[in-house]
Amino acid sequence: MDRIEQLENALQITSAQTDTIRVEDVRRLTGPGLLWDYPGAVMDVFFDEIDPETVADLWHRHARRVLDALGWQGEHVIHRHFQGGSNLAISAPMDQLYSAIFAVQGAWHFCAAELLGAEPDPFETMIADIRRVMAQEANPALIRLIGAADEHGIDILCDDDEISLGHGTGSRVWSVDGLPEPDQVDWPTLHDVPVAFITGTNGKTTTTRLCTAIATAAGKVAGLTSTDMVRVGDDILDRGDYSGPGGARMLLRDRRVQIACLEVARGGILRRGLPTRRARVAVVTNVAADHLGQYGVNTVPELAQAKFAVHRTLGENGVLVLNADDAHVVAEAANVDRTICWFALSPDNPQIAGACASGRPCAYLDGTDLIFFDGKAAETITSVQQVPITLNGAAQYNVQNALAALCASKALGMEGAAIRSGLAGFQPDARDNPGRCNEFAHGGARVFVDFAHNPHSVAAVCKALSPLESGRRFILLSHAGDRSDSDIRDMTATALKFHPDVVVAAELAGYLRGRELGEVPDLIETSALNAGMTCAQVLRARSPLEGVKLILQQLQPGDLALLLVLAERDAVFQLLEGGAAQPS
Numbered sequence: 001m002d003r004i005e006q007l008e009n010a011l012q013i014t015s016a017q018t019d020t021i022r023v024e025d026v027r028r029l030t031g032p033g034l035l036w037d038y039p040g041a042v043m044d045v046f047f048d049e050i051d052p053e054t055v056a057d058l059w060h061r062h063a064r065r066v067l068d069a070l071g072w073q074g075e076h077v078i079h080r081h082f083q084g085g086s087n088l089a090i091s092a093p094m095d096q097l098y099s100a101i102f103a104v105q106g107a108w109h110f111c112a113a114e115l116l117g118a119e120p121d122p123f124e125t126m127i128a129d130i131r132r133v134m135a136q137e138a139n140p141a142l143i144r145l146i147g148a149a150d151e152h153g154i155d156i157l158c159d160d161d162e163i164s165l166g167h168g169t170g171s172r173v174w175s176v177d178g179l180p181e182p183d184q185v186d187w188p189t190l191h192d193v194p195v196a197f198i199t200g201t202n203g204k205t206t207t208t209r210l211c212t213a214i215a216t217a218a219g220k221v222a223g224l225t226s227t228d229m230v231r232v233g234d235d236i237l238d239r240g241d242y243s244g245p246g247g248a249r250m251l252l253r254d255r256r257v258q259i260a261c262l263e264v265a266r267g268g269i270l271r272r273g274l275p276t277r278r279a280r281v282a283v284v285t286n287v288a289a290d291h292l293g294q295y296g297v298n299t300v301p302e303l304a305q306a307k308f309a310v311h312r313t314l315g316e317n318g319v320l321v322l323n324a325d326d327a328h329v330v331a332e333a334a335n336v337d338r339t340i341c342w343f344a345l346s347p348d349n350p351q352i353a354g355a356c357a358s359g360r361p362c363a364y365l366d367g368t369d370l371i372f373f374d375g376k377a378a379e380t381i382t383s384v385q386q387v388p389i390t391l392n393g394a395a396q397y398n399v400q401n402a403l404a405a406l407c408a409s410k411a412l413g414m415e416g417a418a419i420r421s422g423l424a425g426f427q428p429d430a431r432d433n434p435g436r437c438n439e440f441a442h443g444g445a446r447v448f449v450d451f452a453h454n455p456h457s458v459a460a461v462c463k464a465l466s467p468l469e470s471g472r473r474f475i476l477l478s479h480a481g482d483r484s485d486s487d488i489r490d491m492t493a494t495a496l497k498f499h500p501d502v503v504v505a506a507e508l509a510g511y512l513r514g515r516e517l518g519e520v521p522d523l524i525e526t527s528a529l530n531a532g533m534t535c536a537q538v539l540r541a542r543s544p545l546e547g548v549k550l551i552l553q554q555l556q557p558g559d560l561a562l563l564l565v566l567a568e569r570d571a572v573f574q575l576l577e578g579g580a581a582q583p584s
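The C-terminal position of the sequence shown is numbered 584 in full-length UniProt numbering, with every residue numbered one higher than the one before it.
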């Protein structure tokens with residue numbers, strides 16, 4: 001058993017419980033997140049028929065008592081209520097986060113005992129047990145290094161195995177068990193690089209890629225993390241979902257990186273928090289219903305609060321780039337005290353008009369031109385005709401993504417020429433922007449592939465492609481089993497706004513997530529039939545790849561196909577890039 005496993009299993013602290021009270025998750029927080037700026041630990045508690053304020057009062061009293069007894073008088077206690085429960089958290093020293101989990105569990109042990117009238121364990125015994133774990137986990141050298149890094153204005157990134165100072169070209173990495181003393185560090189060789197965090201329900205991957213393309217056009221070695229990969233220049237370090245703090249650390253420790261563009265997903269924010277407080281810019285592309293019901297985030301306004309955690313990553317003079325056309329973004333912005341750079345699809349948007357009138361930066365679409373206002377003068381950067389991913393302006397969601405990238409790039413120090421070049425060179429294909437409205441030609445028909453997976457993104461893609469002239473229209477649909485029946489019906493109804501002549505409902509056998517085979521395609525088919533389609537117009541496929549082959553077999557010159565591919569993506573791209581294919 002290694003050191004981390006020993007720490008994780010050092011104690012077993014249980015609490016009284018009933019059917020009306022349950023603890024779902026206890027986890028470390030390694031950086032800024034939904035609740036606050038501090039590292040620590042959080043517990044998600046769900047309860048029925050109990051006054052939330054009673055829970056909060058007990059939590060603050062018992063957590064404060066535990067923290068004080070552990071010698072953590074300077075640490076903080078917080079709670080956040082949501083429908084059906086609360087997030088209960090404490091802050092803790094960065095070298096004591098596993099101990100912090102036990103401190104949270106210990107505090108809740110006494111809360112639950114008082115709530116349910118149970119006999120608690122002896123307080124002093126509990127504290128002594130946690131103190132033993134603290135002694136095992138303590139790393140005073142790390143605390144000294146954190147303090148020195150702050151004094152030198154250098155970022156420090158921490159995980160279970162390594163500690164690093166600085167970013168990219170100015171970084172240095174040490175083993176957590178072999179840290180130097182502050183006076184042994186060659187501080188003049190260390191520095192941070194410009195960092196952008198990009199989040200939102202949709203558009204964050206495209207915006208991250210656009211920012212990277214612009215930085216590359218400016219002659220910089222740009223690094224990127226996303227739900228697809230970690231990449232430095234053209235070198236892919238690894239493939240997979242790296243939209244959390246682990247991907248950020250991997251990228252920021254690569255000594256080639258001069259600018260870092262980091263995609264941030266909701267899960268990473270809520271599970272662990274964000275890795276740095278020294279970002280130059282943070283972007284929120286939009287907020288819409290997606291993955292609700294996890295970690296106490298049950299509504300779209302609550303999701304907006306979670307997305308806005310990126311503002312906590314900003315260093316001094318950092319800029320928060322926000323979508324002025326999104327009502328949830330505008331509403332949450334009122335709760336944030338940061339320098340905001342708005343973007344919108346019209347100069348008449350109230351936030352844009354207000355920014356221009358008060359001399360604050362913003363970007364907007366004026367006719368077909370993308371305009372940046374720096375607070376004093378307006379600069380025409382380019383036109384939608386010169387930004388291929390906008391499909392000459394038809395893909396309004398990509399106009400918004402381009403505006404977001406424009407604002408972020410300005411905050412990163414990019415000039416208009418580099419922004420113009422980066423936007424012009426970024427293609428809507430499987431190389432530059434895989435899975436985002438990629439077009440293929442097939443026997444005189446047009447085929448578009450997109451990874452849209454929620455009503456907001458499906459609606460945006462269908463709106464962009466619906467005006468295209470075509471013969472017959474085909475659409476491929478599939479959904480993961482953890483989507484609710486209502487979600488699946490809503491996404492199917494949204495997809496039908498594409499006005500397809502044929503719908504292919506594909507099974508996602510690897511993503512049933514508790515459902516039976518055929519259950520999701522049944523919901524898609526029933527929704528399509530209820531909307532007026534005939535049985536002959538709704539086909540079934542055992543997989544997305546089989547569904548794609550089925551559609552390709554039927555395409556005639558002039559037809560149009562939209563393939564919403566949620567699995568077997570590489571195989572689908574290979575099939576389309578290879579030409580004609582027959583269904584299996």
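For each residue, glycine too, the CB sits at the ideal point set by N, CA and C.
Remember, predicted model here, so these are calculated numbers, not experimental data.
Neighbour-count burial assignment, residue i, 16 or more Cβ in a 10 Å radius
i              : result
aspartate 325  : buried
threonine 492  : buried
histidine 81   : exposed
lysine 307     : buried
serine 358     : exposed
alanine 509    : exposed
glycine 318    : buried
glutamate 577  : exposed
lysine 220     : buried
glutamine 582  : At glutamine 582, the pLDDT of 38 sits below 50, so the modelled position is not reliable; the number obtained from the coordinates is stated separately. When all chains shown are included, glutamine 582 counts as exposed.
isoleucine 475 : buried
glutamate 568  : buried
isoleucine 236 : exposed
alanine 363    : buried
glycine 547    : buried
asparagine 286 : buried
glutamine 385  : exposed
Candidates the options: closest to residue i by CA position
i            : options                        : result
valine 197   : His60, Arg65, His311           : According to the sequence displayed, residue 197 carries phenylalanine and not valine. Among His60, Arg65, His311, the Cα nearest to that of phenylalanine 197 is on His311.
alanine 333  : Leu320, Thr212, Val504         : Leu320
valine 281   : Ile214, Ala405, Arg239         : Ala405
aspartate 2  : Arg249, His79, Val23, Asp161   : Asp161
arginine 483 : Ala289, Asn323, Ser243, Met94  : Ala289
cysteine 535 : Arg513, Asp501, Leu563         : Asp501
proline 557  : Ala445, Ala63, Ala505          : Ala445
aspartate 51 : Leu34, Gln83, Leu35            : Gln83
glycine 95   : His109, Trp108, Arg144, His60  : In the sequence on display, residue 95 carries aspartate and not glycine. With distances taken between Cα atoms, aspartate 95 lies closest to Arg144.
alanine 304  : Gly315, Thr313, Glu415, Ala331 : Ala331
Rounded C-alpha distance that separates residue i from residue j
i                 : j             : result
glycine 85        : threonine 18  : 14 Å
aspartate 429     : serine 91     : 45 Å
proline 32        : aspartate 121 : 33 Å
glycine 166       : alanine 222   : 16 Å
histidine 499     : serine 527    : 14 Å
threonine 201     : histidine 453 : 11 Å
phenylalanine 123 : valine 104    : 14 Å
threonine 169     : glycine 532   : 59 Å
valine 461        : arginine 277  : 35 Å
proline 388       : serine 409    : 18 Å
isoleucine 146    : serine 383    : 46 Å
serine 466        : glycine 267   : 32 Å
CB of residue i within 8 Å of CB of residue j, strictly
i                 : j              : result
valine 520        : threonine 494  : no
aspartate 155     : alanine 149    : yes
glycine 106       : isoleucine 13  : yes
glutamate 263     : threonine 205  : yes
phenylalanine 100 : valine 77      : Contrary to the premise, residue 100 reads as alanine rather than phenylalanine in this sequence. The answer is no: Cβ separation not under 8 Å.
valine 193        : asparagine 139 : no
glycine 203       : threonine 225  : no
leucine 566       : serine 486     : no
leucine 251       : aspartate 129  : no
leucine 115       : leucine 58     : yes
leucine 423       : valine 399     : no
Residue i at chain B interface by Cβ criterion, 8 Å
i           : result
alanine 148 : Any reference to chain B falls outside this structure, which holds one protein chain only.
(request) Identify every run of the alpha helix (DSSP H) within the stretch 326-368, keeping only runs that are complete inside it and at least 4 residues long; order them along the chain. (result) The qualifying runs are 327-333, 350-358.
(message) Could you tell me which whole alpha helix (DSSP H) segments of length 4 or greater appear in the stretch 373-403?
(response) Here no run is fully enclosed.
(message) I'd like the ranges of any beta strand (DSSP E) spanning at least 3 consecutive residues and lying wholly in the stretch 206-237.
(response) Fully enclosed beta strand (DSSP E) runs of 3 or longer: 222-225, 229-232.
(message) My parser needs the beta strand (DSSP E) runs of 3 or more residues fully inside the stretch 164-209; what are they?
(response) Fully enclosed beta strand (DSSP E) runs of 3 or longer: 172-175, 195-199.
(request) Would you mind listing the beta strand (DSSP E) stretches within the stretch 142-167 that are 3+ residues and don't spill past its ends, in chain order? (result) With a minimum length of 3 residues, the continuous beta strand (DSSP E) runs that stay inside the stretch 142-167 are 156-158, 162-165.
(message) List, from N- to C-terminal side, the beta strand (DSSP E) runs of 3 residues or more that fit wholly inside the stretch 10-63.
(response) List check, beta strand (DSSP E) in window: 21-29, 40-47.
(request) At 3 residues or longer, and completely inside the stretch 245-317: list those beta strand (DSSP E) runs for me, N to C. (result) Every unbroken stretch of the beta strand (DSSP E) spanning 3 or more residues and falling wholly within the stretch 245-317 is given here in chain order: 259-263, 279-284.
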